[in-house]
Every structure is written in C-alpha cells, then in structure tokens.
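This report concerns only the one structure given below.
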Amino acid sequence: MADVKLISLSKKFGGIYAVDHINMDIPDGKIIVFLGPSGCGKTTTLKMIAGLNTPTEGDILFNGRSIINIPAEKRNIGMVFQRYLLFPHMNVAQNVGFGLKVRNTDPIKIKEKVEEALKIVHLSGFERKFSTQLSGGEQQRVAIARALVINTSLLLMDEPLANLDTKLRTEMRSFILSLQRRLKITTIFVTHDQSEAITLADKIAIMFNGKIIQFDEPKTLFNHPISPEVADFLGATNILKGIVKSCQKNKCLIESELGETEVGQSIDFENGREVFFTIRPEHININSDKESKAKNTYVGKIKEVVYEGGSVRYYLNFGKSIVQVYDRSNKVLSREKYVSIYFDPEKVWIFPKNRKIM
Amino acid sequence: MIYTKFELKYKKFVSKYYIILMLIPIMIPMIILFLGGLISGLLQSFGYFPLAGLRNFTFSYYLKLITDKGFIHSLIFTLQVSVIPTVIGAIISTLLAFSMRKRFFGRKLLKFIYKLPLQIPYMVTIFMVIVLFLDSGLAARIFYHIGLISSPSEFPHLLYDNYGIGIMLVYLWKQIAFSFLVIYSVMLGISPEYEEAAKVFGSSNWQLLRYVYIPLMMPGIINASLLVFTFNFASFATPFILGKTYPNTLPVIAYLSYRNAEISQRPYAMAMSTIIVLISTLILFLYIKIGQKIRYMPTEGEK
Amino acid sequence: MSSLFSLARRKNFVIFFRKAFLGAVGLWVLVPFIPLFMWSFTKSWFWPSLLPNIWGLRAWRYSFSPYSKIIEAIWITILLALVVTFLNIIICLLPARALGQRQFKRKQFIRLFILSPLIVPSIAVALGVLDIFIRLRLANTFLGVAIAQLIPTMPYMVMMLSAVFENFDIAFEEQAKSLGAGPIKTFFYVTLPMIMPGIIAGSLFTFLVSFNEFVLTFLVGGGKVITLSVLLFSFMGGEAGYDFPITAALAIIMSIPGIIFLFITEKAIKEEFFALGFQ
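Here the protein sequences come in this chain order: R, C and W.
For what it's worth, the numbering used here labels the leading residue of the first sequence as 88, then goes sequentially.
For what it's worth, the numbering used here labels the leading residue of the second sequence as 4, then goes sequentially.
For what it's worth, the numbering used here labels the leading residue of the third sequence as 1344, then goes sequentially.
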C-alpha cells in the first residue's frame, strides 16, 4: 500500500520557486503522470519525493507518515532515470541485485530475485552482460528491473523513454503499462510528451512554472482543459478569444472573429465578459457547400492545406485567428477556396480559467 | 531511521560550507608546509628570527647581499648556466618538432626516446655526465684513441670548472625532453594547410620553418623556455655535485650558507632563497603574460 | 635542366640532414646509458681502454647482497613512495571532488595555488620548512620526509583526481542512494570503482615523483633517511676513487621505474601531461 500525499510542497532556488506549494493526493496502485514543459519543476518534485532534494517548505506523507526527514536511502522508493544510469563497472545481474546487496540480503536470495525480476522484464539470460553490450530498450528494462527488485511500493520514473527512438518508445510504453497493471505498484511518471501521458496515465497532473494547474483523468483534461495554456499544451490548437453575449442554463452565445457561436456549456460568466474557448480540429466539419444550415456554420477561405496521408489539415483565417480543421473524409479542397465549416455546440469548450497564452 | 535534529543541523552546515570543508584536507598541508616554509623564509630574510633572538625588520641583509661581489658572481653564474642550455635546448627542440611534423617510419619510437630523460632522476644524469666527461672518462678515452690527447690531464676540464659546463650538459640532456614535448604539442596545433600553401608558392622547408612555423610556435617556444629556465635556475642537486665551491649557483650557496653559517647569519641564506623565489615568480609572471599575447599570423606569400 | 638537378640534390641533402639530425638527438639520449651498463658489468676498467678490461658481476652481486646499503635503500624508497601515494589519495580525494564537480568563486586562483609547488623552487621551500620540521621533531625521520614529499606530489594527484571527477556524473550516486545505499556504501560500491582510473593515474605519477625525489629528502631527511637518490648522491660525494661499477648499478636500478612508467603511460596519458612530469 502506498498512498502518497504532497502537502504544500515547495522548493526554492535563490529567490525563485522551482516547485510552488504543490498539493496532491496520489491514489494507491495507479499511474500518475506529471506532464509539463522542460523546467516546470516536475523532475524536482520527483526528486523531493525520492529524497534526493530537500524541500524548502511543505511535507510529503507516505501512508500517512511524514517522510521528509527520512534520508533517501531509507525510503525504499524505486527510481528510474532518463539516463538509465546502469553502473558501468557491474554486469546486469549485479546492477539489478544492487538494491538487495546494500540491504545485506543473502546472495542466494539475491540470485533468485534477480532472475525473477529479469523474467518480468523479459531479459532472462542477460545476467552477465554489461551495459555497453545492451541496446537502449534493454538498458531501460534493466533499470526498471533494478528498481522493482527491492519490493518497493512506489515507483518513480523521470522521462525514462526520452532517449529511445519512436518505435521503441511506443513498445516500452505498452510494456510499462502492462507491467504496472500486473504489479499494481503506485507509479509516478514524468514526461513532457503529451501523447505519452495520455497513453499511460490514470490521472495527469499538468505542471507549469512549479505549480499544478490541473490534475484530472486524461479524458477530462482533453475535453475540458481548465485554461488555454493547458489546452495548448495538449495539442488543442484552436484557441479563440470571444465575448459572452448571453448565457442561459445549458447554452451560451459567444461573439468572436468567427461570428456568433453557440456553446452547449453552462458557465456563469456575465455578459460582455471576455473569454477564451476552444474547438478541437478533429471536431470541425468542412465542406464546399457554403450554404450549410447547421449550427455554428462559418464561411471562410482556405489559406493552407497540409496532406498527412489519409487525412488533411486545413488552415483558415478568420480575422487574426487561425482555425485548424482536421478532416479524414477523403475530400480534397484546395487553397484559396471558400468553404464552410461547422461544429457541434457540445464540442466547444469555454475555459473556466482564462489566462493569456504565452 | 529518521534524521535527528542534530543530523539535520549537521547536513545544513555541511551544505553551506561545502567547498571550504572539502578543500581543508589539502589546504592544511599546503598552508602549513608550503606557504609556511616560504613565509618563514621570507620573515627570516628580513631579520625576524625569534629562535636566534633576532626581532628586526630590515632590508639590510638584502642590501648587503646585493652589494656583495661573491653573490653577484654567483647570480651571474646561475643565470649563465641556466640560460645557455635553455636557448640551445629550445633551438634543438624546435628543429626536432618541425622535423617530426609528418609521419614516417620510426616516428613513434623516436618520440618515446625523446621523452625518456624526463623520467630519469637527476642523480642518474649527473653520474652519466661524470662517467662520460671526467678527465679520465669515456669521452677522454675516445679522444685518446683518435689521437687528440695523450693523457687524462690534457682533456679539457668540463666538470667542476669555472664555466659549469658539466652542469649545463646535465640540464641539456634532461630538459630537451620537456621542451620537445611542449613545443611538439604546440606544433601539432598548426594546420598542415599552411605548408601546402607555402609549397604552392615554391618555398623551401627552411623558409617554411622560418616564416611560418616559428612565428606560429613562438609563444609556445617562449613558454617552454621560460619554464625550463626556471627549473634550471632553481636546480640544486646538479650544481651541488658538479660545481666548484666558488662560483656556484644561488641554490647551492643558499644551502651552504644555511648549513655552515652561524644561526645569526641565517637571514642571509633566507634572503638568497627568497631572491630565488622572486626570480622564479617573475618568470612565471612573464609566462602568463606571454600566454595572453596574440599569436601572429604569417602572410601567405613566402620569400 | 641543371636547376632540376640541383633541386633534387638539395632535396636529398635536406632529407639526409634531417635524418641525421633526428638520429643524432636520439643517440644523444641513448648513448649515455651505454657506459652505465658497461661500468655495472665491470670488474676492472682503466685508462685508456674503451671497453672494460675485465668484465664481471661483482657490482651486481654486491648490490643485492645483504651488506650493501642498496637493498635497504630500495625498500625505504619504495615504502616511502607507497606511503606518500597513500597519503596523497586520502588528502586529495575530497578537494579533487570539489574542484571537479563544483564551480565557486576564485576557483581558478585556488587551482593555481594547488599547482604552484610545481613551479616554486623546492630549495626555497625546503630551507624554509626545515625549522618547522626540526621543531616538530620530524627532521631526519621517515615520517618527516614522507610529509615533506607531499608538497611536490599533491599537485599531480589533485590534477588526476579532479579530471576524473569532472567526468563523473553524480546521478550515479543518486541512483545508488535511491536503491538503498548509504553514503559509505555508495562511495565504495559506486563512486570508488568509477574513479579508479584517476586514482591509478595519480598514484603512478606520485609514486614516480617520490621515487626520484632528492632535494626535500636530502634536506629534511638530513642524510639519515637513505633513499636511492640519497645513496647515489653519497656515492658521488668524493671526486675520485669511488666505486664506479656499484654506482653504475645503482644508477641503472634508479632508472627502471622511470622507464616502466613511460611504457605504461605510453598507452594512456596524452603528451601534454608528460610535460608536467618534469622534475
């Protein structure tokens, strides 16, 4: 059982908060992903949980008990780094067994457990190899085995897949996912890759500038991001500014560079209030029939067409805004053509928190 | 195990003063022995020597030294004996480095051989020179067989002589290794394209050396020579064994003065010692200054 | 036509001259060893022969006999070198780590200070410390000489160790910690093996410098701590009439570590480092 709680956790360097009063409840047995751009403080947070960094403020609770004053080597937390960090002067078996060796475990038991661990990561028989003889994926798996073998209840992973090529990354991703599902170890995974986060996470914590902006299931994050920043980071590229015309129970009308948009969302913003809203490119329909009668139909000129083999992206200008449409219907519309786009009011999302996008 | 309050305070203290704490192990011997030795000598040279009941602070010892003929002679002798091998060594090393710029069969072996004298102790070299150049030494015997001399006494006195030739021979043998290494590595930094360009203009090797390589290598040559000069200047063992009682080099007379004179005369020995350090430091200074000098570029046309 | 001829001849001359020059310098280095060898295998050799009149192993047999001072000197020299090396490792480990891993104010200055014994004349330092050693009752003792020899050797050890530390990623230590290793275990299981090349390189240099060292040993040891270089010096004390064959044997023995060192480092260390091995 490992339920981890972060209470107002902070780390200050000089006068700047690298990690700014983070509060989080991490449920047992799930994969949590810290997602954010480089330098947002996710690695620092991870290191504080591991004990490799000392917090300047706040507390970390492990099963209800504070572990802040417990040195890293006594926390029994498994950690896997981006650079694998396999000890170069030890072979695979010695690497994997390292955690047990320093706990003065019986050598025979060590051998047993190492074999077990290598089996789990599908590297049986690799005991005598050295890190220079292993491929990136193999090294990564050794690092994972090494972290698992100490029977930890919390696994921390700091961008472990960043150094692998795309195909390997995808493979390792599913590997880690199935591993975690099987072993049910609470896992905290750090990455800056949003597709990786969405694939792996039970819950994602989005971090900007040392603060956690949103902590939700991937689906919620995807469809109802709390602010334009979050949306932008998750690849929701159509972020538009508008003014609230009127708002009723389940419906809102917004005036923007598109024109008037009906939104099937209930928020309590007053009339005249400036808001940001988004509609995902894949939720917009496009056709050459300029006379469409569907709700939220707008006519515009195609500025750019990008073929992506099986799907097409269209870029249209509305005033100063660029709207991106992702279409998989096999039609091919050309540049400079006037077309109409339309979308379902339910698919529009007005940000509850409006902050200007950087 | 949880950190106790004491341990937490200790951790904080360590991380705050980390650098200083880490440097202590080496600073203690460095300051007590190295600095302590130099400063102690310095103080004594100014007449502050409590053990002998001297508590002055005066330049008088220095003044007396500088005006002492014997001292001046020794100083000149030391300079002489240090400069000449340095210059000769620099010339030879430069020619060597230049000749070795291109690969050829046996180059690696030759480099190994040239490096050898570096790791051979001075004592051994001194003995080599004795064996070779003693009046009845090997060189003398060769001369005899060629017919140049007929008895040992006719062989020129190279050791224990007034010119310190034996001393200079030792220096030369030892230091070619050092200056070759430095000058060679400087030369490696010179792009071979210069040579190609020069050849196109029809210049000979000699001109290439004189107008291209030497100017480019000059800072390195000078640096190597300054270092070598310092080593020679401060050298003790060689002149101690191969030199006459008078004149001899500064390090030797400093030592003799220390050992033989009464304790109240100690400041003289220390003053000599300090002068040696001063001259070495001066050279070091020059070394650094020259290191900052802009290297000058040759023009493409030779002749 | 004729100009082509003389060009070729000039070229040949240059090539010849260069080869002769290179060879001459090579000989200049190697030739002095020859009489050394010859003298060591001499029973008697007098003027004016170019070769020993009577060859013999007398010198070598004497050198390795129990009543020569040579065997004892060998032990003392080696022991001294080992002690100095060991002390150096302990002393220089932490400072080298700080120098290799951290940036701090005046780092350049401190570095220069630590390296300064390589340039500052050891005679001056020796004369200055002698009083301190006498007062601490370390003069004329083995321990005193060992401590004195720290001065010229610490720069080498610090240089080599700080170089490995610069390339050492402390993330390895963090990884070890996260796996449960405390500071001591982390050091012995992870850090130490990974910096071993630096320790070995530093030890080689330190050993050699100590082995060949004369001035400090002579002054601080006062002639009572008899290392090989002090012994060789004593053999050469008198101007004439001393035993050349034994001295020659001793000289050869003293040259061996230097040659071994060259062979070992030929593979590893770059040429620039050699230049600093000058004594």
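Using N, Cα and C, we set each Cβ at its ideal position, and we do this for glycine too.
Limits of the unbroken alpha helix (DSSP H) element including residue i
{"i": "residue 1444 of chain W", "result": "1412-1444"}
{"i": "residue 1491 of chain W", "result": "1485-1491"}
{"i": "residue 319 of chain R", "result": "315-320"}
{"i": "residue 1606 of chain W", "result": "1587-1610"}
{"i": "residue 1405 of chain W", "result": "1401-1406"}
{"i": "residue 1381 of chain W", "result": "1376-1383"}
{"i": "residue 97 of chain R", "result": "Here residue 97 of chain R belongs to no alpha helix (DSSP H); instead the beta strand (DSSP E) covers 91-100."}
{"i": "residue 236 of chain C", "result": "217-237"}
{"i": "residue 25 of chain C", "result": "21-32"}
{"i": "residue 258 of chain C", "result": "253-263"}
{"i": "residue 220 of chain R", "result": "Neither: residue 220 of chain R is in no alpha helix (DSSP H) and is coded neither H nor E."}
{"i": "residue 202 of chain C", "result": "196-203"}
{"i": "residue 420 of chain R", "result": "Premise fails: residue 420 of chain R is in no alpha helix (DSSP H) and is neither H nor E."}
For residue i, the three-state DSSP class (helix, strand or coil)
{"i": "residue 384 of chain R", "result": "strand"}
{"i": "residue 169 of chain C", "result": "helix"}
{"i": "residue 1578 of chain W", "result": "helix"}
{"i": "residue 1390 of chain W", "result": "coil"}
{"i": "residue 349 of chain R", "result": "strand"}
{"i": "residue 241 of chain R", "result": "strand"}
{"i": "residue 1544 of chain W", "result": "helix"}
{"i": "residue 1482 of chain W", "result": "coil"}
{"i": "residue 1362 of chain W", "result": "helix"}
{"i": "residue 275 of chain C", "result": "helix"}
{"i": "residue 365 of chain R", "result": "strand"}
{"i": "residue 354 of chain R", "result": "coil"}
{"i": "residue 1494 of chain W", "result": "helix"}
{"i": "residue 1503 of chain W", "result": "helix"}
{"i": "residue 1522 of chain W", "result": "coil"}
Contacts around residue i, its chain only, beta-carbon distance under 6 Å, and the 5 residues preceding and following it disregarded
{"i": "residue 398 of chain R", "result": "415"}
{"i": "residue 405 of chain R", "result": "344, 345 and 387"}
{"i": "residue 315 of chain R", "result": "326, 363, 438 and 444"}
{"i": "residue 1382 of chain W", "result": "1587, 1588 and 1591"}
{"i": "residue 217 of chain R", "result": "178"}
{"i": "residue 227 of chain C", "result": "182, 185 and 186"}
{"i": "residue 235 of chain C", "result": "85 and 174"}
Endpoints, beta strand (DSSP E) assigned at residue i
{"i": "residue 1474 of chain W", "result": "Per DSSP, residue 1474 of chain W belongs to no beta strand (DSSP E); it is in the alpha helix (DSSP H), 1465-1478."}
{"i": "residue 108 of chain R", "result": "103-113"}
{"i": "residue 402 of chain R", "result": "399-405"}
{"i": "residue 206 of chain R", "result": "Run containing residue 206 of chain R: none in the beta strand (DSSP E); it sits in the alpha helix (DSSP H), 194-207."}
{"i": "residue 103 of chain C", "result": "Run containing residue 103 of chain C: none; DSSP gives neither H nor E here."}
{"i": "residue 166 of chain R", "result": "165-167"}
{"i": "residue 410 of chain R", "result": "408-414"}
{"i": "residue 373 of chain R", "result": "372-374"}
{"i": "residue 329 of chain R", "result": "326-334"}
{"i": "residue 1532 of chain W", "result": "Looking at the DSSP string, residue 1532 of chain W is not in any beta strand (DSSP E), and its letter there is neither H nor E."}
{"i": "residue 46 of chain C", "result": "From DSSP, residue 46 of chain C is part of no beta strand (DSSP E) but of the alpha helix (DSSP H) over 39-48."}
Beta-carbon contacts of residue i that lie in its chain and below 7 Å, excluding the five residues immediately before and after
{"i": "residue 141 of chain C", "result": "134 and 135"}
{"i": "residue 298 of chain C", "result": "Residue placement at residue 298 of chain C is poorly supported in this model, since its pLDDT is 43, which falls under 50; the coordinates are not used for a value here."}
{"i": "residue 289 of chain C", "result": "229"}
Cut-off 8 Å between Cβ atoms - residues of its own chain near residue i, not counting five sequence neighbours on either side
{"i": "residue 107 of chain R", "result": "97, 128, 296, 297 and 298"}
- Residues of the region 1513-1525 of chain W with a CB closer than 9 Å to any CB of chain R: list them in chain order, please. 1514, 1515, 1517, 1518, 1519, 1520, 1521, 1522, 1523, 1524 and 1525
- Query: What residues in the region 207-219 of chain C have a beta carbon less than 7 Å from any beta carbon of chain W?
  - Reply: From the region 207-219 of chain C, only 208 have a Cβ closer than 7 Å to chain W.
- Relative to chain W, which residues along the region 112-132 of chain C have a C-beta separation below 9 Å, given in chain order? 112, 113, 114, 115, 116, 117, 118, 119, 120, 121, 122, 123, 124, 125, 126, 127, 128, 129, 130, 131 and 132
- Task: Taking only runs that begin and end inside the region 245-288 of chain R, name each unbroken alpha helix (DSSP H) of 4 or more residues, in chain order.
- Result: Uninterrupted alpha helix (DSSP H) stretches at least 4 residues long and entirely within the region 245-288 of chain R occur at 253-270 and 281-287, given in chain order.
- Proximal residues, the region 1397-1420 of chain W versus chain C, C-beta separation under 7 Å: The residues in question: there are none.
- Can you give me, in chain order, the residues of the region 176-193 of chain R that have a beta carbon less than 7 Å from any beta carbon in chain W? 176, 185, 186, 189 and 190
- chain R contacts made by the region 1531-1554 of chain W, where a contact means CB separation under 9 Å: Under the 9 Å Cβ criterion, the region 1531-1554 of chain W contributes 1532, 1533, 1536, 1537 and 1539.
- Message: If the cut-off is 8 Å on Cβ atoms, which residues from the region 256-276 of chain R count as contacting chain W, listed in chain order?
- Response: Within the region 256-276 of chain R, not one residue has a Cβ closer than 8 Å to any Cβ of chain W.
- Return the residues of the region 1444-1461 of chain W that lie within a Cβ-Cβ distance of less than 8 Å from chain R, sorted by chain order. none
- Message: Counting only Cβ-Cβ distances shorter than 9 Å, please list the residues of the region 133-153 of chain R near chain W, keeping chain order.
- Response: 134, 137, 138 and 139
- Mind checking the region 1356-1384 of chain W against chain C and listing, in chain order, the residues whose C-beta falls within less than 8 Å of any C-beta there? 1357, 1361, 1364, 1365, 1368, 1369, 1371, 1372, 1373, 1375, 1376, 1378, 1379 and 1382
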